[in-house]
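Structure, as structure tokens:
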Amino acid sequence: MAENNTEKQRVQELTDKLEQGLQDLFNSDSYRNYLSTMSKFHNYSFNNTLLIAMQKPDATLVAGYKAWQKNFERHVNKGGKAIRILAPAPYKIKEERDKIDPVTQELLLDKDGNPQKEEVEITIPAFRAVSVFDVAQTDGKPIPELAAKELLSDVEGYQDMIHAVEAISPVPIELEEIAGDSKGYYDREAKRIAVQENMSESQTLKTMIHEAAHSKLHSKEVEQDEQMRKDRNTKEVEAESIAYTVCQHFGVDTSDYSFGYIAGWSSGRDTKELRASMDTIRRTASELITGIEEQLQELQRNREVSQEQTKDSILLIQNTDLSEFSLLDVYGMDRPELMQALSEMSDDDKLSIQAYLESKGAWTAEIGNQDSGEYGEYHLDVRYNTDTDELIDMKERKAAHDKAMQEELAESDSNREAQLLYGNTDKYGIYQLKDNPELDKFRFEGTESLKRMGITKDNFDAVLPENYKLVYMGELAELQGQTQSETLEAIYTKFNIDHPADYKAHSLSVSDIVVLHENGENTAHFVDSFGFTELPKFMLTLESKENEIETELAVHIADRYILMHECEEGYDYSILDEQYHLLDGGVYDNPDITIRRAMDIVIADLKEPRFSAVTEQYYRDEFLQGEVYAGSEAEIVDFEELSEKAEEVEQADLEAKQAEFRENNPDVVADFRARTEELFHSLDGQSAEDIEKTVYAYVQSQIDEYGLDAEIVDVVVSGSRCRGIEKENSDLDVVVEYTGSTREDDLFNMLHEDSIYIAGIQVDINPITEGRTGTLETYLPEVETYLQEKAQQEQTNNQLVTQGRENALEQQPEKEKMIEEKTLSELEKEPVVEPETVHITFTVAECGEFHTMGEFHEGIETIEEAMQLYNVIDPSRMHGIPSLGVNMHIDGTEEWEDEEADIVRGNCIDVDFLNYTPELRDTPTVQDALKKLIAAYPDKEVNDRETKEAKIQTIATELDQLSYDIDTFEYRDSVPDREAQVQMIANDIRSGNVKPLQIFLQTSIDEGIDADSERQAKELLAKLAEYKPLAKIEELEEQNYNMIDDRLNNGVEKFNREEEKKEQAEKPQARSSLKERLAAKQTEVAQGKKDSKEQEKSKNTHREM
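Quick note, the sequence shown lines up with residues 369 to 1473 if you use this note's numbering.
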């Protein structure tokens, strides 16, 4: 029947519907739906917008039946219900009017004086009812993507949107701290907008648009032009409605908008006023939307222009061993173009690749070569080997390896989630509620429903990652739209209509969550009853959960892997090659930082070029660094998967090594025991075999008592006692090989909870396994090597002890002492000097250099008399440095044949000078005099290089051996030349630079070592205390200078130095890592000469003063 209505009747029907719609419009839900529709049809009139909202509120793009066919090549689906709206239908009529003079504008009269008439055509406005259809009701050729840039609650493209709103705002917008709860305000007097700073991005944007609407509609000038003032409620309704419409158009989260007050505002207002406000809202929102879109398009155009960059590639031209290379920055060619150009080179072109590339249109700059040492500072694109003509696309090679690794580790759930959240490419993940009856109340419920049930609040804090599982992950590129909203819709469509073949979960439904990883940022989106709702807190919790549980971390960087896990000292790390072989490792000893920060530091160190102390140049450690450069990016991989692969490779290498060792050493254990039986000192009548049986029984009892998974393979006595070189307080070392899952450390701790003693000696049991430390076949040869070195060291120490002069001279007569110094053949050639024919006397001189200047005493019989005369020399008439010497006269010789030497010179006791005349030095009288002089003058420096050197060599050897004992494996890895290592330690002691050695010993004691090693470390600390630091050398010289210049401030300076030393000693020593100690050592070597020069300069300055 409606089809038979006249046009006038059809228009009247729509007009009546509009009147009813206007009455029903002003409740919260209807008004919100109307504004949402207006955001999509902001160019339509108020009437048509309201008609569309009433008939199809979800419409997005409408057109007539024929318009869809003609303009869009689409057709309306059969059965589609039309949307009826009003379309302009003006018509023209002819009308007779009085004729007016166009110049004078006066009425024209005819000859009879009557007004002249003329016929004119006028247009009468009118409307007709037309049918339109939404795009969802059509099918055919895809329509162009909508141009509106969508933003979500974290406002993707936030800065662009801010700039656009600022550009179209009639007044300036400023962010500032606003007192109270206000989010912003428009200052009509100052003509400015203030917005509360530090709000969320979406809230900041909504406030800006709200206040911009105020500035357009409610300024003084606008109200004066309109000759009417609106009440406060009307102003707020208009501004809030405009802000909602604009935000809805651009996809900004509008879930917090509420229009519950709209009914109260509209009550009592006439239709004309309501229509006027609605048209104002529509018109202003349309202006803002159009203006913002234009600004966004302009910003995008500017960005595209600014992002145009010159093609640039890094090329490394090298020979095989990298002894010659050239690093080129090639401008004007991207990587594929560079690869193509290099592949087309002729033999002549290869003579000068740089010139060849420039002939192809590129321009090049050399940024590094074998002399500059800057090879490791750049991330390569292409590598060309001049020896083999091999051309490598480095990026493609890395991509292929990464893809293989991703496929290899793709099955791990934890790795899949790590790839999603931290991967290098854009990805999406679908999370669904776990199969748990307790979660059924959440399943398939939207956010509004969850809030009504009281399950969650506006911040959706009840939607927790722990209730969800990752059911699918895919690459985002294939579904990525121009906007985030389009991407989410594409994912929703994909997983409801045409889901992937490997997708096994239910279709994407309400209560599921889609996580997007775009441009390095993660966002979580709840599949809601209408559209998607972002869950920032879900994302934060998910990322925090990852960080909280991170006690293990594994990364892949270039052709290297790094494994890291927490340990007591900080973070233990291992560096592996592409075949998972261990290259290097250590402990980063700072437990106060996160594991990710520790990994970043290790990676940064791996990228750094190494410094050679020999060549004093930086170089790349190809073995360790491989293809890792400054620009290499690390990617997180699964820790467990990588650990298993590394353990498999390590186990395979160990088994191969053991097989080779067994083949070459078939009777290792038997030979070791045979040697022990030969040299072992029995304990209370017990042999080594008896002790092994006792320990076997003890270990087995402990395994049985605690129910451990461990089976004993064999027990062998080891350590110093098995070779008869033990000391009185040495432990009894026993090694136990076993099999099973029990860790070595756990079994060791359990066995030593209650110590076992045999013959009153504590037994130190060391458990080993094939998969960790090794078998007895591989372990015992290392023990043998260690024991041989220790025996040799003991022999050296004993020789040094027997060479000590003090004890030997006190216990042996002169002739026997001389026999120690000379060989038998020498004694046969020289007559024996009888002790009674030698006369020893002492001398004291005011000037040791020229005895004739000042006092001089000679023929002094005793050292006591000589010291008395030396002590009373008057310093006021000092001619030089005083001295106390010794003279040896042999009966029957001339005086000029006497041997004489000054023992005391200034502030030193000079034994070195005596060493040139050993027959004088080794007499009992001189030896006794030396002891008394040293005791009487403790502040004087004793110069005895020969004795000191022997002592220094002994201490250096003991320090080296202790370092070897504490960590044999690390010592062997880090010390290539043991003899050179001993000499380096000796040089430190010799120069007084003992601080690093003291720190090493003290740190070893603090960190815990075995009792024997701890005792040795303490003894060595006591010995090192005798060697003063470098500053004491300068102190000695300063005292000499003060004595020469007759200065009296020596005591004051000494006091000040002692106080300073005391303060330094009282300061707590910071615990230093091995890396820090090595770095300090390297710095001291490099700065040695410079420091000496600075000290000399300082002394000269002090003397001048």
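The C-beta atom is built at its ideal place from N, Cα and C for all residues, glycine as well.
Checklist entry - Taking the C-alpha atoms as reference points, what is the distance between residue 447 and residue 422? => result In the sequence shown, residue 447 corresponds to position 79, counting from 1. In the sequence shown, residue 422 corresponds to position 54, counting from 1. If you take the alpha carbons of residue 447 and residue 422, they lie about 19 Å apart.
Checklist entry - Just checking my contact of residue 880 with residue 823 at CB under 8 Å: how many whole Å lie between their CB atoms? => result Counted from its first residue, the sequence shown places residue 880 at position 512. Counted from its first residue, the sequence shown places residue 823 at position 455. With 8 Å as the limit, residue 880 and residue 823 do not qualify as a contact, their Cβ atoms being about 16 Å apart.
Item to check | residue 731: first and last residue of the uninterrupted beta strand (DSSP E) it sits in | outcome: In the sequence shown, counting from the first residue as 1, residue 731 sits at position 363. Residues 731-737.
Checklist entry - Where DSSP assigns a beta bridge to residue 697, which residues make up the other side? => result Against the sequence shown, residue 697 aligns to sequence position 329. The partner list for residue 697 (beta bridge, DSSP) reads 682 and 733.
Item to check | Assigned exposure category for residue 949 - 16 Cβ within 10 Å defines buried | outcome: As a position in the sequence shown, residue 949 is number 581, starting the count at 1. Flag for residue 949 reads exposed.
Checklist entry - What three-state label does DSSP hand residue 976 in the structure shown? => result Against the sequence shown, residue 976 aligns to sequence position 608. Of the three classes helix, strand and coil, the one that applies to residue 976 here is coil, per DSSP.
Item to check | Local Cβ density within 10 Å of residue 548, reported as buried at 16 or more and exposed below that | outcome: Counting from 1 along the sequence shown, the entry for residue 548 is found at position 180. That one is exposed.
Checklist entry - Whose CA, out of 1331, 1345 and 1341, lies closest to the CA of residue 1366? => result Counted from its first residue, the sequence shown places residue 1366 at position 998. The residue with the shortest Cα to Cα distance from residue 1366 is 1331.
Next on the checklist: For residue 350 and residue 876, which I take to be in contact (beta-carbon distance under 8 Å), what is that distance rounded to the nearest angstrom?
Outcome noted: Nothing in the structure corresponds to residue 350, since the chain is present only between 369 and 1473.
Next on the checklist: Is any non-hydrogen atom of the ligand MG found closer than 6 Å to the C-beta of residue 720, if you look at the structure I gave you?
Outcome noted: Although the ligand MG was asked about, the structure shown includes no ligands whatsoever.
Next on the checklist: Would you call the stretch 833-841 in contact with the stretch 785-804, where contact means no fewer than 3 C-beta pairs closer than 8 Å?
Outcome noted: yes
Checklist entry - With residue 1270 and residue 1216 assumed to form a contact (beta carbons below 8 Å), what rounded beta-carbon distance in angstroms separates them? => result By 1-based counting over the sequence shown, the position of residue 1270 is 902. By 1-based counting over the sequence shown, the position of residue 1216 is 848. Sure, about 5 Å apart at Cβ, within 8 Å.
Next on the checklist: On the criterion of 16 or more Cβ atoms from any shown chain inside 10 Å, does residue 1125 qualify as buried, or is it exposed?
Outcome noted: Here residue 1125 corresponds to residue number 757 of the sequence shown, with the count starting at 1. Classification for residue 1125: exposed.
Item to check | Helix, strand or coil at residue 927 [DSSP, three-state] | outcome: Here residue 927 is taken as the residue at index 559 of the sequence shown, counted from 1. If DSSP states are grouped into helix, strand and coil, residue 927 belongs with coil.
Checklist entry - Just the Cα atoms here: how many angstroms apart are residue 417 and residue 796? => result Residue mapping note: residue 417 aligns to position 49 of the sequence shown, counting from 1. Residue mapping note: residue 796 aligns to position 428 of the sequence shown, counting from 1. Going by the C-alpha atoms only, they are around 37 Å apart.
Item to check | Spatial distance of residue 1385 from residue 1041 (CA atoms) | outcome: Your numbering for residue 1385 matches position 1017 in the sequence shown. Your numbering for residue 1041 matches position 673 in the sequence shown. Roughly 30 Å separates the two Cα atoms.
Checklist entry - Three-state secondary structure (DSSP) at residue 848? => result The count along the sequence shown starts at 1 and reaches residue 848 at position 480. Correct three-state label for residue 848: coil.
Next on the checklist: With H, G and I counted as helix, E and B as strand and the rest as coil, what does DSSP make of residue 1551?
Outcome noted: Residue 1551 is absent from the model: the chain starts at 369 and stops at 1473.
Item to check | Simplified DSSP assignment, three categories, for residue 1495 | outcome: Because the chain spans 369 through 1473 in this model, residue 1495 falls outside it and cannot be assessed.
Next on the checklist: For residue 686, count the other beta carbons within 10 Å of its own beta carbon; 16 or more makes it buried, fewer makes it exposed. Which is it?
Outcome noted: The residue given as residue 686 occupies position 318 in the sequence shown. Buried, because 16 or more other Cβ atoms sit within 10 Å of the Cβ of residue 686.
Checklist entry - If residue 1135 and residue 1152 are in contact, beta carbons under 8 Å, what's the gap, nearest whole angstrom? => result By 1-based counting over the sequence shown, the position of residue 1135 is 767. By 1-based counting over the sequence shown, the position of residue 1152 is 784. Their Cβ separation, rounded to whole angstroms, is 19 Å, which puts residue 1135 and residue 1152 out of contact at 8 Å.
Next on the checklist: As an exercise, report each continuous alpha helix (DSSP H) stretch of at least 4 residues that is fully enclosed by the stretch 1240-1311, in chain order.
Outcome noted: 1279-1283, 1286-1289 and 1292-1304
Item to check | Cβ pair count under 8 Å reaching 3, the stretch 651-663 against the stretch 612-622 | outcome: yes
Checklist entry - Should residue 1074 be labelled buried (16 or more other beta-carbon atoms within 10 Å of its own) or exposed? => result Within the sequence shown, the letter at position 706 stands for residue 1074. With fewer than 16 Cβ atoms within 10 Å of its Cβ, residue 1074 is classed as exposed.
Checklist entry - What is the DSSP secondary structure of residue 932, reduced to helix, strand or coil? => result Position 564 of the sequence shown holds residue 932. Of the three classes helix, strand and coil, the one that applies to residue 932 here is strand, per DSSP.
Checklist entry - residue 1303 to residue 974, Cα distance in whole Å? => result Locating residue 1303 in the sequence shown gives position 935, where the first residue counts as 1. Locating residue 974 in the sequence shown gives position 606, where the first residue counts as 1. One C-alpha to the other measures close to 55 Å.
Next on the checklist: My output table needs one value for residue 963: the three-state DSSP class, helix, strand or coil.
Outcome noted: Here the question's residue 963 lines up with position 595 in the sequence shown. Note: residue 963 maps to helix in three-state DSSP.
Item to check | Sufficient close CB pairs (3 or more, under 8 Å) joining the stretch 1143-1157 to the stretch 1078-1093 | outcome: yes
Checklist entry - Under three-state DSSP, which class holds residue 1037? => result Your numbering for residue 1037 matches position 669 in the sequence shown. Correct three-state label for residue 1037: helix.
Checklist entry - What residues in its chain sit with their C-beta under 6 Å from that of residue 922, if we drop five residues either side in the sequence? => result Translated into the one-based positions of the sequence shown, residue 922 becomes position 554. Contacts found: 931, 1005, 1007 and 1010.
Checklist entry - Just how far apart, CA to CA, sit residue 381 and residue 505? => result As a working mapping, residue 381 is identified with position 13 in the sequence shown. As a working mapping, residue 505 is identified with position 137 in the sequence shown. Residue 381 and residue 505: Cα-Cα distance of roughly 24 Å.
Item to check | residue 1123 to residue 1335 span [Cα, whole Å] | outcome: As a first step, residue 1123 must be located in the sequence shown, where it is residue number 755. As a first step, residue 1335 must be located in the sequence shown, where it is residue number 967. Going from the Cα of residue 1123 to the Cα of residue 1335 covers about 23 Å.
Item to check | Helix, strand or coil at residue 1371 [DSSP, three-state] | outcome: In the sequence shown, residue 1371 corresponds to position 1003, counting from 1. In this structure, residue 1371 counts as helix in the three-state DSSP scheme.
Next on the checklist: Considering just the uninterrupted stretch of the beta strand (DSSP E) at residue 761, what are its terminal residues?
Outcome noted: For the purposes of this step, residue 761 is taken as the residue at position 393 of the sequence shown. First-last of the beta strand (DSSP E) with residue 761: 759-761.
Item to check | Beta bridge counterpart(s) of residue 553 as assigned by DSSP | outcome: If you number the sequence shown from 1, residue 553 lands on position 185. Residue 553 is bridged to 562.
Checklist entry - Based on Cα-Cα distance, which residue from 1291, 938 and 971 lies nearest to residue 944? => result Your numbering for residue 944 matches position 576 in the sequence shown. If we check each option's Cα against that of residue 944, 971 comes out closest.
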